[in-house]
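Only one structure is covered here, and it is reproduced in the block below.
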Amino acid sequence: MGPVVFQYSDLANPDADVGALIEEAFGPGGLGICTVAGVPGFVEARAELLPLAARLAACPPPVLAGLEDSGSRYNFGWSCGRETLEGGQPDTRKGSYYANPVFDDPSAGADSAAAAAQRYPALARPNLWPRDALPELECAFKTLGQLIIKVGLLLMQHADKYVAAKGAAPLRSLHSILAESPCPKGRLLHYFAPEEPQSPSSPSAGGGDANWCGWHFDNGSLTGLTSAMYLDAAGQPTACPDPQAGLHIKDRSGKVVQAVIPANHVGFQVGETLQIHSGGLLRGTPHCVVAPRPEYSAGISRETFAVFMQPHWDEPLAAPAGASAADIGIGQWQPGFTFGQHSERTFDLYYQGDGEQQLAGKQ
Numbered sequence: 001m002g003p004v005v006f007q008y009s010d011l012a013n014p015d016a017d018v019g020a021l022i023e024e025a026f027g028p029g030g031l032g033i034c035t036v037a038g039v040p041g042f043v044e045a046r047a048e049l050l051p052l053a054a055r056l057a058a059c060p061p062p063v064l065a066g067l068e069d070s071g072s073r074y075n076f077g078w079s080c081g082r083e084t085l086e087g088g089q090p091d092t093r094k095g096s097y098y099a100n101p102v103f104d105d106p107s108a109g110a111d112s113a114a115a116a117a118q119r120y121p122a123l124a125r126p127n128l129w130p131r132d133a134l135p136e137l138e139c140a141f142k143t144l145g146q147l148i149i150k151v152g153l154l155l156m157q158h159a160d161k162y163v164a165a166k167g168a169a170p171l172r173s174l175h176s177i178l179a180e181s182p183c184p185k186g187r188l189l190h191y192f193a194p195e196e197p198q199s200p201s202s203p204s205a206g207g208g209d210a211n212w213c214g215w216h217f218d219n220g221s222l223t224g225l226t227s228a229m230y231l232d233a234a235g236q237p238t239a240c241p242d243p244q245a246g247l248h249i250k251d252r253s254g255k256v257v258q259a260v261i262p263a264n265h266v267g268f269q270v271g272e273t274l275q276i277h278s279g280g281l282l283r284g285t286p287h288c289v290v291a292p293r294p295e296y297s298a299g300i301s302r303e304t305f306a307v308f309m310q311p312h313w314d315e316p317l318a319a320p321a322g323a324s325a326a327d328i329g330i331g332q333w334q335p336g337f338t339f340g341q342h343s344e345r346t347f348d349l350y351y352q353g354d355g356e357q358q359l360a361g362k363q
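When the letters of the sequence shown are read in order and numbered with UniProt numbering, they come out as residues 1 to 363.
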């Protein structure tokens, strides 16, 4: 069982009927993930951006320090070692760079822009681009990020038809909630090449040092994903060194399933917010990222990119009429909260008082 595959041509056709595929991917029995094939320009945009993750990570420390934004709890700009693993150790195995691929200042033009940036720093603060050290990053990041958002919005148009066919009536369409939001967030990740180990290790999707990213749900509505790109010591693309590495998902029965995203496909996963807005008809799954075993991957780095599509900070987290808390299935959901309030509450569960993240991958 793997991710359901959509064809871009079908998503781009508003009259296409893909409801069965949406249910298979995101319904009660689905893995909560799909991929989209045939997206024009995607292969080229991915090839342009992902190698820049390694180049960014190789910038001098003063440059990287200038890209840190502690005020956003490192949800904008660069960070390394600010997340801690499940054992409490700082995670220095990866570098992370967050930016909004559509709006350089998402709160610009708001009636209370300064208040929004202060109240919701993980959503509303401005981007920090390395325009002197790595000027090509901004364009490549925005090009791929906006392309993934475009595909995600097409998917949401069909999700709206599916939800309506099931009799649910969200207060606003799932497409409109995301199309009108200033809050998408891209995350470019560089996983540093491991050193040669002293003894062989075993792959693990259960936690511990074999996991780059602990088990979690995404906080937003829809997460767009590229497959990972692996680079050798010369900076050239190479095959994944360990076939058991990568994204793993727990299915509805609790079984761990590896989810392989082809290099020429865009992946999409359901987040908690979409589960709420759809009344539980579209459901996410817990997932983690398993690192390649060092004995197979010494000298090989991993580069990847995700786009978190999420509502405006003032968007109500309202379920469709008649949907119960049991239907929603999100324990920390509170009726009456906005997305911004829900996000800050979620981040508070995952961050220490000094702003360092306790569990990786939550966005």
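Glycine is no exception: its CB is placed at the ideal position from the N, C-alpha and C atoms. No experiment lies behind these values; they were computed from the predicted model shown.
(1) For F347, which residues of its own chain have a beta-carbon under 7 Å away from its beta-carbon, when the five flanking residues on both sides are left out?
(2) Based on DSSP bridge pairs, tell me the residues matched to T143.
(3) What number of angstroms, rounded off, separates the C-alpha of G355 from the C-alpha of S107?
(4) Give a yes or no on whether the C-beta atoms belonging to P187 and Y98 are separated by under 7 Å.
(5) Would M1 be called buried (16 or more neighbouring beta carbons within 10 Å of its own) or exposed?
(6) Is L274 near the ligand MN - that is, is its Cβ less than 6 Å away from at least one heavy atom of it?
(7) At which residues does the alpha helix (DSSP H) containing F42 begin and terminate?
(8) Decide if the segment 261-274 is in contact with the segment 30-46; the criterion is three or more beta carbon pairs, one per stretch, under 8 Å apart.
(9) Please go through the same chain and pick out, in chain order, the residues whose beta-carbon is closer than 8 Å to the beta-carbon of H248, but skip the five residues on each side of it.
(10) If you draw a straight line from the alpha carbon of P135 to that of W129, how long is it in whole angstroms?
(11) Taking a contact to mean a Cβ-Cβ separation below 7 Å, would you say A54 touches S301 in this structure?
(12) Are I148 and G224 closer than 7 Å when you measure CB to CB?
(13) Per the contact definition of three or more C-beta pairs closer than 8 Å, is the segment 8-22 in contact with the segment 154-171?
(14) Can the beta-carbon of L49 be found less than 7 Å from the beta-carbon of L171?
(15) With DSSP run on the structure shown, which of helix, strand or coil describes I148?
(16) Please report the distance separating the alpha-carbon of G340 from that of A12.
(17) Beta carbon of G77, beta carbon of T92: below 7 Å?
(18) Secondary structure at S176, three-state DSSP: helix, strand or coil?
(19) For the alpha helix (DSSP H) that T273 lies in, which residues bound it at each end?
(20) Out of A245, K142 and L154, point me to the one whose CA is closest to F6's CA.
(21) Around the C-beta of R293, are 16 or more other C-beta atoms found within 10 angstroms, so that it is buried, or is it exposed?
(22) Can you name the start and end residues of the beta strand (DSSP E) that E295 belongs to?
(23) Indicate the three-state DSSP secondary structure (helix, strand or coil) for F347 in the structure shown.
(24) From the DSSP output, in three-state form, read off P121 for me.
(25) Are the CB atoms of H190 and A47 nearer to each other than 7 Å?
(26) I'd like to know whether the C-beta atoms of P182 and M309 end up nearer to each other than 7 Å.
(27) Between the Cα of F192 and those of L64, S297, G66 and L67, spot the shortest distance and give me the residue it belongs to.
Reading off the structure:
(1) Mapped onto the sequence shown, residue 347 falls at position 347. Its chain contains R73 and A122 as the residues whose beta carbon lies nearer than 7 Å to that of F347, once the 5 sequence neighbours on both sides are disregarded; these appear in chain order.
(2) Along the sequence shown, one-based indexing puts residue 143 at 143. The partner list for T143 (beta bridge, DSSP) is empty, contrary to what the question assumes.
(3) As a first step, residue 355 is located in the sequence shown; it is residue number 355 there, counting from the start. As a first step, residue 107 is located in the sequence shown; it is residue number 107 there, counting from the start. Residue placement at G355 cannot be trusted, given a pLDDT of 41 that sits under 50; the coordinates are not used to answer.
(4) Reading the sequence shown from its first residue, position 187 is the one you call residue 187. Reading the sequence shown from its first residue, position 98 is the one you call residue 98. In the sequence under discussion, the amino acid at residue 187 is Arg, which differs from the Pro named in the question. Yes; because the gap between Cβ atoms is below 7 Å, this pair is in contact.
(5) Taking the sequence shown and counting its residues from 1, the one referred to as residue 1 is at position 1. By the 10 Å Cβ count, M1 comes out exposed.
(6) Summarising the ligand content, the structure contains no ligands, and the ligand MN is consequently not present.
(7) For this step, residue 42 is matched to residue 42 along the sequence shown. F42 to A57 is the extent of the alpha helix (DSSP H) around F42.
(8) Under the three-pair Cβ rule at 8 Å, the segment 261-274 counts as touching the segment 30-46.
(9) Taking the first residue of the sequence shown as 1, we reach residue 248 at position 248. Within the same chain, A205, V256, V257, Q258, A259, H287, C288, V289 and V290 come within 8 Å of H248 by CB-CB distance, once the 5 residues on both sides are set aside.
(10) The count along the sequence shown starts at 1 and reaches residue 135 at position 135. The count along the sequence shown starts at 1 and reaches residue 129 at position 129. P135 and W129: Cα-Cα distance of roughly 8 Å.
(11) Taking the first residue of the sequence shown as position 1, residue 54 is located at position 54. Taking the first residue of the sequence shown as position 1, residue 301 is located at position 301. Closer than 7 Å, so yes.
(12) In the sequence shown, the residue the question calls residue 148 occupies position 148. In the sequence shown, the residue the question calls residue 224 occupies position 224. In this structure, I148 lies near G224, with their beta-carbon atoms less than 7 Å apart.
(13) Yes, the segment 154-171 is in contact with the segment 8-22.
(14) Residue mapping note: residue 49 aligns to position 49 of the sequence shown, counting from 1. Residue mapping note: residue 171 aligns to position 171 of the sequence shown, counting from 1. Contact flag unset, no.
(15) In the sequence shown, counting from the first residue as 1, residue 148 sits at position 148. I148: helix per DSSP, three-state reduction.
(16) On the sequence shown, residue 340 is found 340 positions in, with the first residue counted as 1. On the sequence shown, residue 12 is found 12 positions in, with the first residue counted as 1. Straight-line measurement puts the Cα of A12 at about 31 Å from the Cα of G340.
(17) The residue labelled residue 77 in the question sits at position 77 within the sequence shown. The residue labelled residue 92 in the question sits at position 92 within the sequence shown. T92 sits away from G77, with the two beta carbons spaced by 7 Å or more.
(18) Taking the first residue of the sequence shown as position 1, residue 176 is located at position 176. Assignment of S176 by DSSP, reduced to helix, strand and coil, places it in the helix class.
(19) What you label residue 273 is simply residue 273 of the sequence shown in a count that begins at 1. Unbroken alpha helix (DSSP H) run through T273: E272 to H277.
(20) Position 6 of the sequence shown, counting from 1, holds the residue named residue 6. Considering only alpha carbons, the answer is L154.
(21) As a working mapping, residue 293 is identified with position 293 in the sequence shown. Buried, since its Cβ has 16 or more Cβ neighbours within 10 Å.
(22) Taking the first residue of the sequence shown as 1, we reach residue 295 at position 295. E295 -> not in any beta strand (DSSP E); alpha helix (DSSP H) instead, spanning P294 to S297.
(23) Walking along the sequence shown from the start, residue 347 turns up at place 347. Helix, per DSSP.
(24) Translated into the one-based positions of the sequence shown, residue 121 becomes position 121. Here P121 carries a helix assignment [DSSP, helix/strand/coil].
(25) The residue given as residue 190 occupies position 190 in the sequence shown. The residue given as residue 47 occupies position 47 in the sequence shown. It is not a contact, given that the beta carbons lie outside the stated cut-off.
(26) Counting from one through the sequence shown, the residue named residue 182 turns up at place 182. Counting from one through the sequence shown, the residue named residue 309 turns up at place 309. In terms of Cβ geometry, P182 and M309 do not form a close pair [threshold 7 Å].
(27) Counting from 1 along the sequence shown, the entry for residue 192 is found at position 192. For the residues L64, S297, G66 and L67, the minimum Cα distance to F192 belongs to S297.
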